[in-house]
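First the structure, in the form of structure tokens, and then the observations on it.
Residue numbers (our numbering), protein chains in the order written: chain A, 1189 to 1434; chain B, 2 to 307.
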């Protein structure tokens, strides 16, 4: 169930050059699963900005976003107390109850944030969680320590080798010979594709698309799957590996 | 004692509690918005554009943001008329008790006729709205709605196989909207709905390519409102059939302006995507806007501006 409500910015701070963490104060009861997203109205912009939920408490929602255009640029300047009109609890999210013992979480760039709450939930269920975080450079890396603090085994890859394994997330998975029986992933499409190309395990992947409404009405973000046509915003953004048509 | 403000209108014998109708393609088959509010407050609903065969539509990205609006290039994604009749309409019936507007598209005269004949038999359908903005596959892909004779041909074909009021939904991407509206009226149209989206384009200057996969798409949103009011005004003055106004409507004040221009009912499109409560807010604002403007009966102001 999703809902529209007014939230107030509690904090908004840079994690790296260009990536920000914003904590919104307001009711989080409509969020039911990690991997769901919010859709934020910004004054002066016609469409809302869909942003994945990184974590939540009873009265806060944490989002981590990258400045990629004028809308997110405006967001990055928002101070505490700014009121935002937000659609919350959107999308299906990850299934933290999937049948597995040793899940691997693979995040690329701003695909990392939704995996944070997922890691928390998996660890709370007694799973042995490994996390691979992929970035371009060391100065873009965020949340490696936060995942470690949850008790996950964390591996980092950077394209230029300035931190962790040099290369892509798939290189880190191979090099560390990570033992996993299921995976959850969010990141750029080439990364998701490469991940599925390098392992046989079943898993769930979160996809992005330009959206109109964010709640399934406009068919702006449709994709074809083996389980029929799906809307990324409503039937996704998370899809099962077995239904994806690459 | 609070005054009663009469928001009812009548469209070809179909009585609506209020003139507010979500426009086709912005409201699916009602299910998504019904999660936000009880959609039975609406005057009616214009359902997702339906074609003879199921269509996936265009490649993504299908959406581009604009100043004061958006471009969409969904490409008429829908499950096809048989699935709409078998599944979508019964599902909609469970959540929406009022008569609906069925929006039909086609790529040939035969397809329009076949599709409309099927939808005409559905009890919950009160009005058939024919989208003539589609390309004619038998005529080099030229849109049916760009030439009076082609629009009239669609109208005649649909009227020949239907019993319900037929509204032709016109494209604004033409040189003379009045000539097309009049051709449809003469061919038997019971009403005119306008405007569909304006052809638009955005470019991703960083990647040096169009934002939309299909390059161009339909521009809608508040920026098109003055164009819509102008075209509603021109058509309402030139034709004697009722007009459904559509284009950039965001508020009760916009609804009233569109009605003063000549619209009997008013469709709300892109606003439903930006704010899922758009139609609900408009309907709730209507009485106070009527009070402010000294209107007791909404139907009194239809086409009042000469």
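Even for Gly, the Cβ is constructed at its ideal location relative to N, Cα and C. Because the structure is a prediction, the values reported are computed rather than measured.
For a Cβ distance threshold of 9 Å, residue set 37, 276, 277 and 278 of chain B lies close to residue 1192 (chain A), ordered along the chain. One thing to note: residue 47 (chain B) has its Cβ within 7 Å of the Cβ of residue 104 (chain B). Unbroken beta strand (DSSP E) stretches of 3 residues or longer found wholly inside the region 95 to 135 of chain B: 101 to 106 and 126 to 132, given in chain order.
Within the region 1273 to 1354 of chain A, the runs of alpha helix (DSSP H) that reach at least 4 residues and sit entirely inside it are, in chain order, 1301 to 1312 and 1332 to 1338.
Less than 7 Å divides the Cβ of residue 54 (chain B) from the Cβ of residue 81 (chain B). Close partners of residue 1386 (chain A) in chain B (Cβ separation under 8 Å) are lacking, with about 26 Å as the shortest Cβ gap. A residue is called buried when at least 16 other Cβ atoms come within 10 angstroms of its Cβ; residue 40 (chain B) meets this threshold and is buried. Nearest to residue 1371 (chain A) by alpha-carbon distance, out of A:1417, A:1397 and A:1295, is A:1295. Counting only runs of 3+ residues, the beta strand (DSSP E) found wholly inside the region 43 to 76 of chain B occupies 64 to 67 and 70 to 73, in chain order. Listed in chain order, the beta strand (DSSP E) runs fully inside the region 255 to 289 of chain B are 264 to 269, counting runs of at least 3 residues. For the region 68 to 96 of chain B, residues whose beta-carbon sits nearer than 8 Å to a beta-carbon of chain A comprise 68, 69, 70, 71, 73, 75 and 78. Note on residue 287 (chain B): 16 or more other CB atoms within 10 angstroms of its CB, so buried under the neighbour-count rule.
Buried is the label assigned to residue 1280 (chain A), since at least 16 other Cβ atoms lie within 10 Å of its Cβ.
Interface residue (Cβ-Cβ distance to chain B less than 7 Å): residue 1253 (chain A) is not classified as such. Assignment of residue 208 (chain B) by DSSP, reduced to helix, strand and coil, places it in the coil class. Beta-carbon to beta-carbon, residue 170 (chain B) and residue 195 (chain B) are separated by about 7 Å, close enough to satisfy the 8 Å threshold. Residue state for residue 238 (chain B) is assigned as helix, using DSSP reduced to three classes. When C-beta atoms of the region 247 to 267 of chain B are compared with those of the region 107 to 125 of chain B, fewer than three pairs fall below 8 Å, so the two segments do not count as touching.
Residues of chain B whose Cβ lies closer than 7 Å to the Cβ of residue 1399 (chain A) are, in chain order, 64. With the rule of 3 Cβ pairs closer than 8 Å, the region 229 to 242 of chain B counts as touching the region 179 to 186 of chain B.
For residue 1244 (chain A), DSSP records a beta bridge to A:1249. One finds nothing in chain A with a Cβ atom closer than 9 Å to the Cβ of residue 197 (chain B); even the nearest lies about 15 Å away. Taking CB atoms only, residue 1410 (chain A) has a neighbour in chain B less than 7 Å away. Counting along the chain, the unbroken beta strand (DSSP E) around residue 245 (chain B) starts and ends at 244 to 247. Residue 1235 (chain A) belongs to the set of residues whose beta carbon lies under 7 Å from a beta carbon in chain B.
The three-state secondary structure of residue 176 (chain B), taken from DSSP, is coil. Here the region 1306 to 1316 of chain A does not lie against the region 1255 to 1265 of chain A, with fewer than 3 beta-carbon pairs under 8 Å apart.
As a beta-bridge residue in DSSP terms, residue 7 (chain B) pairs with B:298. At a cut-off of 7 Å between beta carbons, residue 57 (chain B) contacts chain A. Residues 149, 152 and 153 of the same chain have their beta carbon placed closer than 6 Å to that of residue 184 (chain B), with the five preceding and five following residues left out of the count. Listed by position along chain B, the residues whose Cβ is nearer than 7 Å to that of residue 1403 (chain A) are 33 and 277. In the structure shown, the three-state DSSP call for residue 1381 (chain A) is helix. With the rule of 3 Cβ pairs closer than 8 Å, the region 1323 to 1342 of chain A counts as touching the region 1285 to 1305 of chain A.
Among the CB atoms of chain B, one or more fall inside 7 Å of the CB of residue 1417 (chain A). Looking at the DSSP output, residue 200 (chain B) shares a beta bridge with B:219. Rounded to whole angstroms, the separation of the alpha carbons of residue 1355 (chain A) and residue 1386 (chain A) is 14 Å.
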